[in-house]
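A.B. asks: Could you have a look at this structure, given as structure tokens, before my questions?
Quick look at the structure:
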């Protein structure tokens, strides 16, 4: 009878409260959203957690996600380059060069479409693609996850973040998406200018920054927003310094890359690409979807004198008929000085975004 | 033996106590009635499609690439329908505004075409995400230099040289805003079309009438306004013609 009793007690001990597995108690992650930014929409099926964000950071820098264990997301999205690639085109593990410049990863939590052609509608969807792209990381997700699940540390991290011991690509994508949503840039000199212009109260430290803004920087901002000046604000507007649209900004008269048109199959979209943010533009060279411009001076010169007319050119490039907005040397300098106010050193150097 | 039985009974209680107890009953799905205001752009008698080419009264060829506008403070006297609806033909189709409710509560509606001064100059990030006035939804319909909202935005291209070839290289950009240009509109005895639990009030926006209403807009010469100084007359004409072109369908 005693044995029976012992077996029963053991049975009870083993099976009782099985659902309350120890270790899965994710901690909600509180995003620090700048006061002049809108709230961020977080997908219901991927709530932000401290454990998810931390796992995402590990995965962002994890080379096991590539076929030969040599490349991670950060290879083409380097922190010092505002999480973009300083090379015109990124080279994948097979030594094949891509055809577009890697986009800067800034404030992605407010974006509605991803890649230059907008082919991904969510961050989670976007993250899945470079891993399996033969000219990028060239790895299958099952193999990548097999490598990760073979690592005890990752198994624990996936369990703590998602309560699963059978993590798959969707968990990896969710974790990286959580990490990317924390990458918020909103502490540049421009932010103080924006708040001032929109009658949003400034803190004491922002007041000090406000006092340091030069007449040239204000002059550049005025020119940036002037219809008869640089006329940049139609596409680069609001606290995010971008509008959500695809635009043909007059780079070419004929297209070698159809951009958005490749995705929609609509010829009216040919030559259009996602409007990028101008935040941290100082660090994210080279510029344009194909990285054709090495410097900000090249970009300013393009909009001033070298606009190419094509059937899908953005109607908001109103001076296209004259080749551009015709800025003189002094105006170009003012614009450049304003563009440099978009640099957010705290973002670039944030240890929370660095390799673990 | 008695103790053993007690332990077994206690054990059974312990074993079953945690099982399923935290399971919540699934929440009952809320089924409600929705009321929608939709706007169908037309060109005279036919439905209008962006990027398609139409002929103006003057014989010009014209295509519209974007049609967007705000209708704000939509209400039936004191019963608010919505704080603001945003029409964006390219990205949101014909929908202007959609709320939960019943059409019978909104037999008459009034609204601003544009955004009234009470909210026009507020911080656009401070509106709730669900509001079309939030900067994320407003997107390119907000000027941070004014600051304020763009009330309506019509963009396109035209060929104003009537010859055998169509060359749409004449840019048309109408961006109207500023408090002084705000228009109000009202609809009475509204007919709500009911399908299932959806009720819809349909409007049409006749772009031919917009160009050739009581006032004529000659796209050859009147092709651009950003509501700046010197553009007051065209901006007001744009707003007034737009109001005239919007009517129950």
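Protein chains in written order, with the numbering used here: chain X, 1 to 356; chain G, 1001 to 1249. Heads up, the beta-carbon is just placed ideally off N, CA and C, and yes, glycines get one too.
#1: If we cut at 8 angstroms on Cβ distances, does residue 1120 of chain G have a partner in chain X?
#2: Would residue 1037 of chain G count as contacting chain X if we go by Cβ distances under 8 angstroms?
#3: Between which residues of its own chain and residue 1112 of chain G is the CB-CB distance below 6 angstroms, once the five residues before and five after are set aside?
#4: Compare the beta carbon distance of residue 1227 of chain G and residue 1177 of chain G with 8 angstroms and say whether it is the shorter of the two.
#5: Comparing the C-beta of residue 120 of chain X with each C-beta of chain G, is any distance below 8 angstroms?
#6: Below 8 angstroms on C-beta distance, what does residue 194 of chain X contact in chain G?
#7: Counting along the chain, where does the beta strand (DSSP E) carrying residue 1170 of chain G start and finish?
#8: State the Cα-Cα distance for the pair residue 282 of chain X and residue 241 of chain X, rounded to the nearest angstrom.
#9: Tell me the start and end of each unbroken alpha helix (DSSP H) in the segment 1093 to 1124 of chain G that is at least 4 residues and wholly inside, in chain order.
#10: Looking at chain G, is there any beta carbon in it that lies within less than 8 angstroms of the beta carbon of residue 335 of chain X?
#11: Taking C-beta to C-beta, are residue 186 of chain X and residue 83 of chain X nearer than 8 angstroms?
#12: Who are the near neighbours of residue 1231 of chain G in its chain, counting only those whose CB is closer than 6 angstroms to its CB and skipping five residues on each side?
#13: Sorted by chain position, which residues of the same chain lie with C-beta nearer than 6 angstroms to residue 1208 of chain G's C-beta, five sequence neighbours on each side aside?
#14: Quick check: is the beta carbon of residue 1147 of chain G nearer than 8 angstroms to any beta carbon in chain X?
#15: In the DSSP output, which residue or residues are listed as bridge partners for residue 56 of chain X?
#16: Can you grab the Cα-Cα spacing for the pair residue 156 of chain X / residue 165 of chain X, in whole Å?
#17: Quick check: what's the CA-CA separation for residue 1220 of chain G versus residue 1211 of chain G?
#18: For a cutoff of 8 angstroms on Cβ pairs, would you count residue 110 of chain X as touching chain G?
#19: Our contact map puts residue 315 of chain X next to residue 1171 of chain G with C-beta atoms below 8 angstroms; I'd like the distance itself, whole angstroms only.
#20: Check whether the Cβ atoms of residue 190 of chain X and residue 342 of chain X sit closer than 8 angstroms, and answer yes or no.
#21: Determine which residues share a DSSP beta bridge with residue 1087 of chain G and list them.
#22: Determine the burial state of residue 181 of chain X: buried for a count of at least 16 other Cβ atoms within 10 Å of its Cβ, exposed for fewer.
#23: Whole angstroms are fine: how far does the CA of residue 1190 of chain G sit from the CA of residue 252 of chain X?
#24: I'd like to know if the segment 1107 to 1121 of chain G and the segment 1139 to 1149 of chain G are in contact, where contact means that at least 3 CB-CB pairs between them fall below 8 angstroms.
#25: Between which residues of its own chain and residue 1236 of chain G is the CB-CB distance below 7 angstroms, once the five residues before and five after are set aside?
#26: Could you check whether residue 138 of chain X and residue 93 of chain X sit closer than 8 angstroms to each other, using their CB atoms as the reference points?
#27: State the DSSP-derived secondary structure class of residue 1028 of chain G, mapped to helix, strand or coil.
#28: Quick one: is residue 306 of chain X buried, meaning 16 or more other Cβ sit within 10 Å of its Cβ, or exposed?
#29: For my contact list, residue 289 of chain X and residue 261 of chain X are in at a C-beta cut-off of 8 angstroms; report their separation, rounded to the angstrom.
#30: Within 8 angstroms of any Cβ in chain G, is that where the Cβ of residue 181 of chain X sits?
#31: Residues of chain X with CB under 9 angstroms from residue 1042 of chain G, in chain order?
#32: Any residues in the segment 235 to 254 of chain X with a beta carbon nearer than 9 angstroms to a beta carbon of chain G? Which ones, in chain order?
#33: Looking at the secondary structure, which residues open and close the beta strand (DSSP E) in which residue 1163 of chain G lies?
#34: For the ligand MG, I want to know if residue 278 of chain X counts as a neighbour, meaning its beta carbon is within less than 7 angstroms of at least one of the ligand's heavy atoms.
#35: In chain G, which residues lie with their C-beta within 8 angstroms of the C-beta of residue 215 of chain X?
#36: Between the segment 1223 to 1243 of chain G and chain X, which residues of the former have a C-beta closer than 8 angstroms to a C-beta of the latter?
C.D. replies: If we stick to the structure as given:
#1: Counting from one through the second chain, the residue named residue 1120 of chain G turns up at place 120. With 8 angstroms as the cut-off, residue 1120 of chain G does not count as an interface residue toward chain X.
#2: Counted from its first residue, the second chain places residue 1037 of chain G at position 37. So, not an interface residue.
#3: Residue numbering aside, residue 1112 of chain G sits at position 112 when the second chain is read from its first letter. Here the set comprises 1072, 1073, 1182, 1184.
#4: For the purposes of this step, residue 1227 of chain G is taken as residue 227 along the second chain, with counting starting at 1. For the purposes of this step, residue 1177 of chain G is taken as residue 177 along the second chain, with counting starting at 1. The answer is yes: Cβ separation under 8 angstroms.
#5: The residue you call residue 120 of chain X lines up with position 120 of the first chain. Taking Cβ atoms only, chain G never reaches closer than 8 angstroms to residue 120 of chain X, which makes this a no.
#6: Mapped onto the first chain, residue 194 of chain X falls at position 194. In chain order: 1144.
#7: Along the second chain, read from residue 1 onward, the residue named residue 1170 of chain G stands at position 170. Residue 1170 of chain G -> beta strand (DSSP E) spans 1170 to 1177.
#8: By one-based count along the first chain, residue 282 of chain X stands at place 282. By one-based count along the first chain, residue 241 of chain X stands at place 241. Each residue's alpha carbon lies about 14 angstroms from the other.
#9: 1117 to 1120
#10: Working through the first chain from its first residue, we reach residue 335 of chain X at position 335. No, no contact with chain G.
#11: Your numbering for residue 186 of chain X matches position 186 in the first chain. Your numbering for residue 83 of chain X matches position 83 in the first chain. Result no, Cβ atoms of residue 186 of chain X and residue 83 of chain X do not sit closer than 8 angstroms.
#12: Indexing the second chain from 1 puts residue 1231 of chain G at position 231. Counting only Cβ-Cβ distances below 6 angstroms, and skipping sequence neighbours, we find 1225.
#13: Taking the first residue of the second chain as position 1, residue 1208 of chain G is located at position 208. For residue 1208 of chain G, where only same-chain residues beyond five positions count, the Cβ hits under 6 angstroms are 1043, 1044.
#14: For the purposes of this step, residue 1147 of chain G is taken as the residue at position 147 of the second chain. Chain X, which has a Cβ nearer than 8 angstroms to the Cβ of residue 1147 of chain G, makes this yes.
#15: The residue you call residue 56 of chain X lines up with position 56 of the first chain. Residue 56 of chain X pairs with nothing; no bridge assigned.
#16: Within the first chain, numbered from 1, the residue matching residue 156 of chain X stands at position 156. Within the first chain, numbered from 1, the residue matching residue 165 of chain X stands at position 165. For residue 156 of chain X and residue 165 of chain X, the distance between alpha carbons rounds to 8 angstroms.
#17: As a working mapping, residue 1220 of chain G is identified with position 220 in the second chain. As a working mapping, residue 1211 of chain G is identified with position 211 in the second chain. Approximately 12 angstroms between the Cα atoms of the pair.
#18: Taking the first chain and counting its residues from 1, one reaches residue 110 of chain X at position 110. Yes, residue 110 of chain X lies at the interface with chain G (some Cβ there is under 8 angstroms from its Cβ).
#19: Numbered from 1 along the first chain, position 315 holds the residue referred to as residue 315 of chain X. Numbered from 1 along the second chain, position 171 holds the residue referred to as residue 1171 of chain G. Contact holds; Cβ gap of about 5 angstroms.
#20: Your numbering for residue 190 of chain X matches position 190 in the first chain. Your numbering for residue 342 of chain X matches position 342 in the first chain. Yes, the pair counts as a contact, with Cβ atoms nearer than the cut-off.
#21: Sequence index remark: in the second chain, residue 1087 of chain G carries index 87 (1-based). Answer is G:1069, bridged to residue 1087 of chain G.
#22: Taking the first residue of the first chain as position 1, residue 181 of chain X is located at position 181. Buried.
#23: In the first chain, counting from the first residue as 1, residue 252 of chain X sits at position 252. In the second chain, counting from the first residue as 1, residue 1190 of chain G sits at position 190. Going by the C-alpha atoms only, they are around 50 angstroms apart.
#24: yes
#25: Stepping through the second chain from its first residue, residue 1236 of chain G is reached at position 236. Same-chain partners within the cutoff: 1181.
#26: Locating residue 93 of chain X in the first chain gives position 93, where the first residue counts as 1. Locating residue 138 of chain X in the first chain gives position 138, where the first residue counts as 1. Their beta carbons are under 8 angstroms apart, which means residue 93 of chain X touches residue 138 of chain X by this criterion.
#27: As a first step, residue 1028 of chain G must be located in the second chain, where it is residue number 28. Annotation note: pLDDT 44 at residue 1028 of chain G (below 50); position unreliable, coordinate value reported separately. Residue 1028 of chain G falls in the coil class under three-state DSSP.
#28: By one-based count along the first chain, residue 306 of chain X stands at place 306. Label assigned to residue 306 of chain X: exposed.
#29: By one-based count along the first chain, residue 289 of chain X stands at place 289. By one-based count along the first chain, residue 261 of chain X stands at place 261. Incorrect: roughly 13 angstroms between the Cβ atoms, too far for contact.
#30: What you label residue 181 of chain X is simply residue 181 of the first chain in a count that begins at 1. It does not; no Cβ of chain G falls within 8 angstroms.
#31: In the second chain, the residue the question calls residue 1042 of chain G occupies position 42. Result: empty, since nearest Cβ-Cβ is about 20 angstroms, beyond 9 angstroms.
#32: 235, 237, 238, 239, 240, 243, 244, 245
#33: Taking the second chain and counting its residues from 1, the one referred to as residue 1163 of chain G is at position 163. Run containing residue 1163 of chain G: none; DSSP gives neither H nor E here.
#34: What this structure holds is no ligand at all, so the ligand MG is not there to describe.
#35: On the first chain, position 215 is the one that residue 215 of chain X refers to. Within 8 angstroms Cβ-Cβ: nothing; residue 215 of chain X doesn't reach chain G, min ~18 angstroms.
#36: 1224, 1226, 1228
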